[in-house]
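>
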Amino acid sequence: MLTETKVSGQVESLYGIMAEFDDPESLLSAANQARLEGYREMDAYAPMPVEGLAEAIGFRSNWVERLVFVGGLCGAVGGFMLCWWITVVAFPHNVAGRPLNSWPAYVPITFELMVLIACITAVVGMLMLNGLPQPYHPVFNVERFARASRDKFFLCIEASDPKFDPTATRDFLERLNPQEVTDVAL
Amino acid sequence: MKPEDQEFTSVATLDPGPDKVIGPGHDYGSVTDEIGGVVFRPFLKTPRQMFFGFAFAFLLVNLLMIAVTWLFVRGVGVWGIDIPVAWGFAIVNFVWWIGIGHAGTLISAILLLLKQDWRTSINRFSEAMTLFAVACAGMFPILHLGRPWLAYWLLPYPNTMWMWPQPRSPLIWDVFAVSTYATVSLLFWFTGLIPDFATMRDKAGNATARKIFGALAMGWRNSAKHWARYQKAYLLLAGLSTPLVVSVHSVVSFDFAVAILPGWHTTIFPPYFVAGAIYSGFAMVLTLAIPVRRWYHLEDLITMRHIECMSKVMLGTGLIVAYGYAMEAFMAWYSGGQYERYAFVNRMWAGGYWWTYWVLILCNILIPQALWSRRVRMSVPAVFAIALVVNVGMWLERFVIVVTSLTRDFVPSSWGMYYPTIWDWSTYLGTIGVFLALMFLFVRVLPAISIFEMREVVHHTGKEPTHAHGD
Amino acid sequence: MKSDEPLYWRSLEELASTAEFRAFVEDEFPNRAPDWNNPDSRRGFLRVMGASILLVGAAACTKQPKEVIVPYVRQPEELIPGKPLFYATAMSVAGVATGVLAESHLGRPTKIEGNPEHSASLGATDSAMQASVLTLYDPDRSQTVTHNGSISSWGSFITALAGARDVAGLKNGLGFRILTGTVTSPTLATQIQDFLTEFPAAKWHQYDPCGRHSARAGAMAAFGKPLNTIYRFDRADVIVSLDSDFLSATVPGNLRYARDYSSRRRAAAENPNVAPSRLYIAENAPSVTGSMADHHFRMTAGGVAGFTADLARGGTGAASPEARAVLKDLEAHRGSSIVIAGEHQPPQVHAFVHAINQALGNTGKTVIYTDAVEASPVDEISSIADLVKDMRDGAVETLLILGGNPVYDAPADLNFLDALKRVKLRAHLGLYSSETADWCHWHVPEAHYLESWSDARAYDGTASIVQPLIMPLYGGKTPHEVMNILANHADQSAHDTVRGYWQAYHKSDDFDDFWHISLHDGVIAGTALPEILPLTAKAIDQAAIASLGATAPAGLEIVFRPDPSVGDGTMSNNAWLQEMPKPPNKMTWDNAVWISSKSAERYGVTTGDVVEIEFQGRKVDGAVWIMPGHADESLTVHFGYGRTRAGKVADGIGFDAYALRGTGALWQGTGVNIKRKSGGYKFANTQHTQTMEERDPFRAATYAEFHKDPEFARPEEKRVAKDLSLFPQWEYKQHKWGMSIDLNSCTGCNACTIACQSENNIPVVGKEEVAKGRHMNWLRVDRYFKGPLDDPEMYFQPVPCMHCENALCELVCPVAATVHSAEGLNEMVYNRCVGTRYCSNNCPYKVRRFNFFLYADWDTQSLFGVRNPDVSVRSRGVMEKCSYCVQRINSAKIDAEERDQPVKDGDIVTACQQACPAQAIVFGDLNDPNSRVANLKRQQRDYGLLEELNTRPRTTYLARLRNPNPDLEKG
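Protein chains in written order, with the working numbering: chain A, 1 to 186; chain B, 187 to 657; chain C, 658 to 1628.
#1: Can you list, in chain order, the residues of the stretch 206-232 of chain B whose Cβ is nearer than 7 angstroms to any Cβ on chain A?
#2: Do we get a CB-CB distance below 7 angstroms when we pair P133 (chain A) with the residues of chain B?
#3: Taking Cβ positions only, does E1350 (chain C) come closer than 7 angstroms to chain B?
#4: Cα separation between P1240 (chain C) and T1184 (chain C)?
#5: Compute the beta-carbon to beta-carbon distance between K1400 (chain C) and P1501 (chain C), rounded to the nearest angstrom, for a pair I have assumed lies under 8 angstroms.
#6: Verify the CB distance criterion: does H288 (chain B) have a CB-CB separation below 7 angstroms to chain A?
#7: Look at L298 (chain B) and A424 (chain B) and say whether their C-beta atoms are less than 7 angstroms apart.
#8: Need the endpoints of the beta strand (DSSP E) that T886 (chain C) sits in, please.
#9: Can a CB atom of chain B be found closer than 7 angstroms to the CB of C74 (chain A)?
#10: Alpha carbon to alpha carbon, how far is A788 (chain C) from C1569 (chain C)?
#11: Could you please give me the residues that DSSP links to N1483 (chain C) through a beta bridge?
#12: Can you find a CB in chain A that lies within less than 7 angstroms of the CB of S196 (chain B)?
#13: Step through the CB atoms of chain A and report whether any lies within less than 7 angstroms of the CB of T647 (chain B).
#14: Starting from the beta carbon of Y45 (chain A), find every residue of chain B whose beta carbon is closer than 8 angstroms, and list them in chain order.
#15: Please list, in chain order, all residues of the same chain as A1069 (chain C) whose beta carbon is under 7 angstroms from its beta carbon, the five residues on each side excluded.
#16: Rounding to the nearest angstrom, what Cα-Cα distance links A1182 (chain C) and W348 (chain B) in this structure?
#17: Out of B:A289, B:T385, B:Y543 and B:T542, point me to the one whose CA is closest to L430 (chain B)'s CA.
#18: Starting from the C-beta of L1475 (chain C), find all residues in its chain whose C-beta is less than 8 angstroms away, skip the five residues before and the five after it, and write them out in chain order.
#19: Using a beta-carbon distance below 7 angstroms, is W535 (chain B) in contact with chain A?
#20: If you measure between the beta carbons of V586 (chain B) and L546 (chain B), is that distance less than 7 angstroms?
#21: What would DSSP say about N1584 (chain C), mapped onto helix, strand or coil?
#22: Relative to the alpha-carbon of P327 (chain B), which residue among B:A393, B:S559, B:W273 and B:F242 has its alpha-carbon at the smallest distance?
#23: Any idea which residues DSSP pairs S749 (chain C) with across the strands?
#24: Quick one: using the 10 Å Cβ neighbour count with 16 as the cut-off for buried, is N694 (chain C) buried or exposed?
#25: Please state the DSSP three-state secondary structure of T110 (chain A).
#26: Identify every run of the beta strand (DSSP E) within the stretch 13-55 of chain A, keeping only runs that are complete inside it and at least 3 residues long; order them along the chain.
#27: If distances are taken between C-alpha atoms only, which option among C:S934, C:V1262, C:V908 and C:T907 comes closest to S920 (chain C)?
#28: What in chain B is Cβ-close to C1470 (chain C), meaning under 7 angstroms?
#29: Let me make sure I understand the geometry here. Which of C:V1155, C:V824, C:H1287 and C:Y888 has the alpha-carbon closest to that of N941 (chain C)?
#30: Establish whether the CB of E313 (chain B) and some CB of chain A are separated by less than 7 angstroms.
#31: Inspect the beta-carbon positions of N1584 (chain C) and K1393 (chain C) and report whether they are closer than 7 angstroms.
#32: Taking the alpha carbon of L1436 (chain C) as the reference point, which residue from C:Q1544, C:I1578 and C:K1365 has its own alpha carbon closest?
#33: Residues in the same chain with beta-carbon distance under 8 angstroms from T617 (chain B), minus the five sequence neighbours each way, listed in chain order, please.
#34: Please list the residues of the stretch 90-118 of chain A that have a C-beta atom closer than 7 angstroms to any C-beta atom in chain C, keeping them in chain order.
#35: Of all the CB atoms in chain A, is at least one closer than 7 angstroms to the CB of E1467 (chain C)?
#36: What is the C-beta distance between V1268 (chain C) and R1333 (chain C), in whole angstroms, given that I count them as a contact (C-beta under 8 angstroms)?
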């Protein structure tokens, strides 16, 4: 605990202040109160997805599904055009007496490529939007934060928040009866 | 805290019985530790069975190396294939492995969409199984080529000769379907692992492990925003994989359904191949899960409920397969087509392989009916035995379809038999070795059960987190 | 070839350094005699020796002979690289010649075609002729003159032989003997005769294991002189074959006979006003002729004599209803019928048949007699018997064997080898260092006919000049050159000798033109033997009839026949023939003891059992094959197998039937015992299903049924509407190649199969691979039995690629390695093929062949020579199949372009079509309404195999028509 109290006060070198909770429910309510308090720049950390948590910290985004839709569309069109182009333009041959444009035969490839590209965009898109991979992040400076991936729940109000004030914010968090409140060094 | 401390939780690893998906007394920490503990066990504390199991698998891998070397040196003639039976074990094994691969995606995707809570503790495991099964399957289409070193000619890539593949051929559909399936399964599996990599990173005792898992976790920090996007992506993957898993085995079945050969040229193939795939897939999951759960004392995470649910799925898909067989035979008769009819006469009694047909009926239809009885479903040894039987049966099904149909087609003068050689068998056993070896490595070095999803289970089962351990 | 020379020397040095080799060098003949009589050391040495000499042979590959040889084509006279030249020459089997055109690529013979101007060929060939070009390049051929097994030289042989002649000369040639096969070569005969006149005490013996002994003796019996019989099947309404397989290679002139016979049947099928001929056959084992017969009387070979006697009794006298019906038919067609006796039936039967034909007034109409084709016809059996007797009595000092292999194929009871060992000096001229060469002091490699200057007569006496296409690859010599040694002008070449003979024959100043034309045409004008008329055969008295009818054989009978593929064994080492499926049972790489199912039951044996055959005290072990349609109480065994010194191909396969054969029972005999020794012998057959399994790939009807229902071959349910398709059909604008195969003409003789193998560089895979079902023939001939399996009808159906317009193979190929050409060919792109074999699975005709291993021989240099440069040699892991001889299509199109004319019908002749003696195969352009193939496909008999699958095959069949005798049909 000593280390944390030391760093406190050095506002300019502060990323934010973090409160630790034991269970998702308390984290959820904490997040809600923080938003009511007027805080915007904050993030919550839980060892598993917690319903409503993102909304609680005022996060909204539907970029993933948009990307996936576009990706799927490209895959499908690309797949069909590939087959069509090969058989009609690039390599036209009389195969089994079938017409050059044997479109029914292209369906499987069209479908598979749609799924393939859509899935790749889903994962890559998700990672990019999450800013991953990201080798360094201040929250990891908090030793106990390791348990965010095990059994503890954290709420971090970031220094970038206009309403952020080292002492006031700390007091506010203390009031949410957390396990512990910690300054997060940059 | 040191991982050793939390290697075993205070929670007893007891099977909670058929109505619970998780043992009593678990909290977020305990599941994390129990699953993570498997990975962080000291090398020498690995269960002995794992050593023996891996040693055996590794022997088979070497057998495969020898078989493949000889195959490449001499040519596909080392196998028993001939004219008319130009496809033998290679294709049988290909379809068998692909089929096994299907359970994984099904469990992770379809059951996720159906919100089946019991899927959680087996999905990671079966996804891995999918990957390794597809890897084994993927070998065969290349090995069975007359000129395997030219396998890349099946891919559409610009080349100086300006030659392109022929997209009307089901084999090209295969290339796309199987490679898509492999890629998507890998993504699915890896995406599921990211939060657990983070967990392992944070649990890791020594620096190397932390570095490796840290790199794999890519800086995942369990942020609510990450989780939000993560869940969307995961759900979309599930939604896309569901039609994919259906399409893949349909495409595989096109290899046969599109051909004119009596016994292949059958419109019911796609649905019944898919059902068969899930059937064999679940059988394989059980075959692997039952021993692993025993060796690593995971009875409280892979509970009787899981085993019973999987038995039920087997029973159900098995019945669909049975219906498939019935329709195949009925249509052959009903069509009145001389060649179609003979294909089944040949399959059932006239041909040299008539007995395989009846063994497969026994394995895939008769014996699994025992699963109607709850007592059987509740007996781990019985379920294990039936799972093995189904694995054999499904392999025979592919043999009957691929080989028996080829032995006698249209022109009687060119009828002939097929006799597998030692190299056919070695290649088959070899891939089983590869599959097992990879499985053994997987359960040893990666969390075999999805930790964060188990935490969700703990959360949903509404159990208050205990403070059994902490600071 | 430069690179080979050092190799050659190195290997010689290696040899020289072996102890074995030094032993040969140091030793002198007398004290080494025991050593070189021990076969093992000698063979080991020769094998090594051969290996090294081979390279020299290969080096000689493309040298043309120095004398002027005359190409068949008129323009261009000179050699154009890439353009093959054709030379007319002749190939002799058992002395009787058939004219051929040999295709030569830059001086390298690659393919044999028939000579259209030769009466015995008319452009057709049989499988042996097709395969003979492989024998030319056979690396196992003997490659050097050997003396006592060690390498010697032609020069020292000359000295030795001349010496022997001089020694014998002191006693007018007493003790000097020459043994040849049947000789029809006028030149060789004259050379020998000259020698005999110079040395009256010397003797000339002739022996051919499968010669026309019975026919000769029969003619002697009937006419008092060994006349030659020629049949005119085109003029015959009724043909009665008494065990004569006249459509197969066992009968001289068979190619001509097949043409005549089929032309008559075809005419009747195409024109209702032409009456079809009717063929009866009595035989013990199914044969290709039997498969064409309208009535097939199954009886033991011995029983045929009784049947003949029955026929001789005339109308009412005949005992059996069959004989009565046949006689009735014959009587109804006096002067337009043929009764033909089997080559292998005893002389009496032949004598009877001559009389019967006489009585039926066929003589001079359908049955023509000429003087003997042989230069000096003798009873060859007694001829060799005398030789053996004299040798045993020590009366033979020098024996000169010109060709032939008596140690292997002489009648076993003579025990030729023992006698031979008593001869002081024995010299052998032969293609291979055979069993006989083994036991001769001197062996001289013989020149292959494609390396030789010689001449020979055809079945009708037509003489041809044999001209070489290439210098002897292995320094081979012709009999003429050997005889020149005896004639004391060893320096004279075979060319000069042959030319000299014909100069004497054609005494006029235009000889050069005569010689040029004769060489060019491949036949010497006006040498066909004149018909002998009038002629009376010795009438048959009742006593004779009684005696012949009485010889009803008791007990199990054994029948000796030349092998359907390798004949009498002279071509045993030819891999193409070994792998050629024998027509009746589709067996390769083996001979077997044929037996009927009933007899098999009776003697407790079955297919694959190894039995000990004991005949006249001689024993041989052979494997049993149950042959549908084989006569009961009869075994058929074939010659040509059980070789020990034939070469790598033939050594040690099958069993030696000659070891059972005796002078008393040349072709058949009773009183044979078989004892089962073991089971499970594995044969390698290319077809395992006997019947059509309630399907109808082969469609047949009687002429009567055909006239009633002309559409019988194409029943409603088999037809597919031309426009039955979900998508527009492709149009084939310029050419639309197609093929028609007339099942009414095809005899199943396999000539097409080997022609295809030779034309398309099809590899040989060996017995094990064939047994696995991996034979490579692009054009297979299917065999189906119809009716009861103990006495069925046998049908043959050649199956090449159908070149379907909706080719299922193309649809499933992932890399477009098989696609359709603009002219409708189903093309196989070897370089693109990755070998998924999906195409084969999806081919309903199963005509695709796969290189499971590297089947093509990339190592044996001498075999490179036989390859057709216009066809690529396939590598491992590649699919291949019939291409409709696309290389021939293209060269014809190029020629047409040069001539600046369209391709005419008949310009393109596929290899199979060219070889077919029955002209059953016709290829051409379906877009040309007047092309022969288009006309044939318009016939009502035309049907496509598996047409109902809507594959739209370009190859279609004309259904078989039978002409059974109503009287017998009822019975």
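Beta carbons are placed, not taken as given, at the ideal position from N, Cα and C, and that holds for glycine.
On the basis of the supplied data:
#1: D213, Y214, G215 and T218
#2: yes
#3: yes
#4: 35 angstroms
#5: Before going further, note that residue 1400 (chain C) is Leu rather than Lys in the sequence given. Contact doesn't hold; Cβ gap of about 19 angstroms is too wide.
#6: no
#7: yes
#8: N885 to Y888
#9: no
#10: 13 angstroms
#11: C:H1477
#12: Any reading at S196 (chain B) is ruled out, since the residue's pLDDT is 41, under 50, leaving its predicted position unreliable.
#13: no
#14: R407, N408, S409 and A410
#15: R1275, Y1315, A1316, L1317, R1318 and G1319
#16: 59 angstroms
#17: B:A289
#18: Here residue 1475 (chain C) is Thr; the residue named in the question, Leu, does not match the sequence. Only A1464, C1466, E1467, N1483, E1484, M1485, V1486, C1490, C1496 and M1536 meet the Cβ criterion.
#19: no
#20: yes
#21: coil
#22: B:W273
#23: C:A754
#24: The pLDDT assigned to N694 (chain C) is 43, lower than 50, so where the model puts this residue is not dependable, and the model offers no usable value.
#25: helix
#26: 14-21 and 42-45
#27: C:S934
#28: Q352 and S355
#29: C:H1287
#30: no
#31: yes
#32: C:I1578
#33: L250, N279, W283, C322, M325 and F326
#34: F91, H93, N94, V95, A96, G97, R98 and P99
#35: yes
#36: 5 angstroms
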